[in-house]
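Visitor: I have a structure I would like to understand better, so I am pasting it below and will then ask my questions one at a time.
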Amino acid sequence: MEGMTTSADTPALDDAQRAQIIDRLDDVLARVDRAAERAGRDAAEITVLLATKLRSPQEIEVAIQALQERGRRIAVGENRAQEIAKHADPLLADNGVPRHFIGRLQTNKARDVIAFAELVHSVDRPDIAEALERRAELADLRRDVLIQVNTSGEESKGGFAPTAEAVAPILERLRASERLRPVGLMTIGANTSDEAAVRASLGGLRELRDVLRAQYGADELTELSMGMSGDLEIAVEEGATIVRVGSAVFGARPA
Ligand SMILES: *Cc1c(COP(=O)(O)O)cnc(C)c1O
C-alpha cells in the first residue's frame, strides 16, 4: 500500500533507539503525572494515546510495550487513513490496544476508519457523521465518536464552533444514531506559545462539555480528547481524559 511502512522493510531498532523512545515516554508520563497531581486528578485515569503518524511498527511497538509495563491506560491513534494498514503488521496486529482515528476525515475513507477505529475523535462536520453511520451500518458495527470542536478559531482547524448552539444539532443527531455513540468532545489547542490562549481553548472545551451535560445529562460526554506534546500539562489541568502525544515520544515528525 502506498506510503505504508511495514516491519519487513524497515530496520529493527537498536538498543539506543529503543532506549530513546522509552526515555522520552517516561518524560511524557512524568509531565502527565505532575499535572494530574496539581489538578488533584488520578493520572491512571488519563488515556495516553500514541499519535503514530508515519512511525514504523517497530517504534510504535516499543512505546506500546513500555506503556503497558507501566500500567497505563493507552490507545493508538492514526490521523491518516492511508496509515491504517500499518496496524495489521505482525508487530502490531492483535495487541489488544484500542485503536482510534484522530485525523481529518474524508467521506470516501469512512469504511476504512470504521473498520479500524473503535473511537473516532474527529467528527467535524455533519456529512462525516452520515458517512460513518452508513459504513458502520454496512459493517454491522457500533462505534464511539467524539465531536471535534474548533476552540482556537484558527481557520486551518476543523470542527464545530465552540458554542452549545453549534454543537447541539450534531450531538442530537449522534444521540439518535443506532450505530454511533457520542462519548465526548475533541479539540486541537491554539497553536501558540501564549499559555493563556492555549488554556482558554482547552478550558473552553471543558466548559462547553459542562454546558452540554447540564442540557443532556450528567453521564453524557465523559471523554475530553485534548492536549498534545506541547500542551499536555494544560490539557490535564483542564480535564483531559485522553492526551494525544506523538513528537514528544517519537521525536520530531518525519517529513
Ligand atoms: C499528530 C497529532 C497529534 C500529536 O501531535 P504531537 O504534537 O506530535 O504530539 C495529536 N493530535 C492530532 C489530531 C494529530 O494529528
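Its first residue numbered 93, the sequence shown is counted upward by one per residue in our numbering.
Ideal Cβ positions, reconstructed from N, Cα and C, are used throughout, including at glycine.
Being a predicted model, the structure only gives us computed values, none of them experimental.
(1) Apart from the five residues on each side of it in sequence, which residues of its chain come closer than 6 Å, Cβ to Cβ, to L300?
(2) Tell me whether M93 sits in a helix, a strand or coil according to DSSP, three-state version.
(3) Using alpha carbons as the reference points, say which of G331, D219 and L184 lies closest to N200.
(4) May I ask which residues mark the beginning and end of the alpha helix (DSSP H) holding G296?
(5) Does at least one heavy atom of ligand 1 sit under 7 Å from the Cβ of Q251?
(6) Can you find the residues in the same chain that come closer than 6 Å, C-beta to C-beta, to M320, ignoring five residues on each side of it along the sequence?
(7) Taking the straight line between their C-alpha atoms, what separation do you get for T139 and A180?
(8) Any idea what DSSP makes of S214, helix, strand or coil?
(9) Compute the distance between the beta-carbons of I156 and F208, then report whether it is under 8 Å.
(10) At which residue ranges does the segment 131 to 203 contain complete alpha helix (DSSP H) runs of 4 or more residues, listed in the order of the chain?
(11) Closer than 6 Å by C-beta to I280: which residues in its own chain qualify, once you throw out the five before and the five after it? Chain order, please.
(12) Quick one: Cα of D119 to Cα of L297, how far?
(13) Alpha carbon to alpha carbon, how far is H192 from A173? Give it in angstroms, no decimals.
(14) Compute every distance between the C-beta of S321 and the non-hydrogen atoms of ligand 1, then say whether any falls below 7 Å.
(15) Classify D216: buried if its beta carbon has 16 or more other beta carbons within 10 angstroms, exposed otherwise.
(16) Measure from the alpha carbon of E333 to the alpha carbon of each residue in D134, V341 and V241, then state which is nearest.
(17) Of the choices T243, R226 and G195, whose alpha-carbon is the least far from that of S349?
(18) Looking only at its chain, what residues have a beta carbon closer than 8 Å to the beta carbon of L230, apart from the 5 residues adjacent to it on each side?
(19) How many angstroms separate the CA atom of S244 from the CA atom of N283?
(20) Which residues share a DSSP beta bridge with R336?
(21) Let me check you understand the geometry: is the CB of S293 closer than 7 Å to at least one non-hydrogen atom of ligand 1?
(22) Give the C-beta separation of V237 and R273 to the nearest angstrom, bearing in mind that I take them to be a contact with Cβ-Cβ under 8 Å.
(23) Any beta-carbon of chain D closer than 8 Å to the one on A122?
(24) Helix or strand or just coil, what does DSSP make of V328?
Guide: Quick look at the numbers:
(1) P254
(2) The pLDDT assigned to M93 is 46, lower than 50, so where the model puts this residue is not dependable; a value taken from the coordinates is nonetheless given after this. Reduced to three states, the DSSP call for M93 is coil.
(3) D219
(4) E287 to Y308 is the extent of the alpha helix (DSSP H) around G296.
(5) Rather than Gln, the amino acid found at residue 251 in this sequence is Gly. No.
(6) Excluding five sequence positions before and after M320, the CB atoms of its chain that fall closer than 6 Å to its own CB belong to R336, given in chain order.
(7) 22 Å
(8) Strand.
(9) No, the pair does not count as a contact, with Cβ atoms beyond the cut-off.
(10) 149 to 161
(11) K249
(12) Here the C-alpha atom of D119 lies approximately 26 Å from the C-alpha atom of L297.
(13) 11 Å
(14) yes
(15) With 16 or more other Cβ atoms within 10 Å, it is buried.
(16) Contrary to the premise, residue 333 reads as Thr rather than Glu in this sequence. Taking only the C-alpha atoms, the option nearest T333 is D134.
(17) Because the chain here runs from 93 to 347, residue 349 falls outside it and cannot be looked at.
(18) R203
(19) 8 Å
(20) Per DSSP, the beta-bridge partners of R336 are L141.
(21) no
(22) 7 Å
(23) You won't find chain D in this structure, because it holds only one protein chain.
(24) In the displayed model, V328 falls within a helix according to three-state DSSP.
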